[in-house]
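All letters in the sequence shown, in the order written, are residues 1 to 281 by UniProt numbering.
For every residue, glycine included, the Cβ atom is placed at its ideal position computed from N, Cα and C.
What you are looking at is a predicted structure, and each value in this text was computed from that prediction instead of being measured.
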Amino acid sequence: MECLYHIDVDDLRKDNCNLNEEVNSLSVDIAEREKEIAKLKDEKRFMRKTLREKDHELFVRDKESKLTSKVLNTEETKGVMLETKRKNDISTIQNLQSEKSKLEEQLKKTKAELQATRQQYNGASYKIRSLRHQVKSCEPTIAEEKDRFVLLEKKLGAVMGSLSGCKDVLEEPRQLKTKVEAMIAQFLHGHNAPPEKETAILQVMLKNNILRSQRTMNHYRAETERNNAIMSNRLAMVEKSRDQLVPIVNAQRMEILKTKKKEPKPVKTPVTKKVTKKKRS
Numbered sequence: 001m002e003c004l005y006h007i008d009v010d011d012l013r014k015d016n017c018n019l020n021e022e023v024n025s026l027s028v029d030i031a032e033r034e035k036e037i038a039k040l041k042d043e044k045r046f047m048r049k050t051l052r053e054k055d056h057e058l059f060v061r062d063k064e065s066k067l068t069s070k071v072l073n074t075e076e077t078k079g080v081m082l083e084t085k086r087k088n089d090i091s092t093i094q095n096l097q098s099e100k101s102k103l104e105e106q107l108k109k110t111k112a113e114l115q116a117t118r119q120q121y122n123g124a125s126y127k128i129r130s131l132r133h134q135v136k137s138c139e140p141t142i143a144e145e146k147d148r149f150v151l152l153e154k155k156l157g158a159v160m161g162s163l164s165g166c167k168d169v170l171e172e173p174r175q176l177k178t179k180v181e182a183m184i185a186q187f188l189h190g191h192n193a194p195p196e197k198e199t200a201i202l203q204v205m206l207k208n209n210i211l212r213s214q215r216t217m218n219h220y221r222a223e224t225e226r227n228n229a230i231m232s233n234r235l236a237m238v239e240k241s242r243d244q245l246v247p248i249v250n251a252q253r254m255e256i257l258k259t260k261k262k263e264p265k266p267v268k269t270p271v272t273k274k275v276t277k278k279k280r281s
């Protein structure tokens, strides 16, 4: 079969050699480019490292500046706080001094009041002692008043009994009057004209009996009124003296109880017996 295309081997070889040269040149270029890329990567790493260092320095500087500003601010605030604290301390000291002066004045007043109360207590104790003496001196008078009161009650009972007898005494002239009036009526009925002398005598007797009974009644009444007045006066005096003495006696009892509570019990001292040695004969 006849070949359509005529291939020249030498041309192919030349082309292959050219291509090989180009490949070699390209590989050399690639190696150079790779070296350049490696160099650029190294530069990039160095630049990153320097950037990181610069960033770190900038961060440290920023932090230092912030810390310095903070320290300055804290020092300023501390100074302000110390100044305010000093002012507050001065004001508190002044307030405490004023309170101290007030307390000293109050202490002086309380001391004066205590002195006055001590004087009052001494006066009251002297009064209590004198009242105790008065109570002791008044005890026999109270007993006498009680005895008088009992006697007056007995007298009042006797007077009341005599008054009941007075009623009987008044009743007798009334009965006599009715009896005499009945006798006069009977006498007048029996005699047409009674004698005047008998009627006059009877009237005088009746008047005398009535007057006598009225005198006795008035006497007993006056005596009872006088006895009642004496009894009321004596009762008022006894009640008055009792009202005056009861609180005094109660206060004295309370004081005696207080003193008994406050008094310490006496300490019993042991009795030591003396031992006498018998002399040998």
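How close, in whole Å, do the beta carbons of residue i and residue j come, if the pair is a contact with beta carbons under 8 Å?
| i | j | result |
| --- | --- | --- |
| V135 | V238 | The pair is not a contact, with the Cβ atoms about 15 Å apart (cut-off 8 Å). |
| E223 | I128 | Contact flag wrong, Cβ pair sits at about 45 Å. |
Do residue j and residue i come within 8 Å of each other at the CB atom, strictly closer than that value?
| i | j | result |
| --- | --- | --- |
| L152 | I210 | no |
| C138 | L245 | yes |
| Q252 | R118 | no |
Within 8 Å of any Cβ in chain C, is that where the Cβ of residue i sits?
| i | result |
| --- | --- |
| V60 | Within the model displayed, chain C is absent; a lone protein chain is all it includes. |
Could you tell me which whole alpha helix (DSSP H) segments of length 4 or greater appear in the region 53-88? none
Where in the region 85-149 do unbroken runs of the beta strand (DSSP E), each at least 3 residues long, occur, reported from the N-terminal end onward? none
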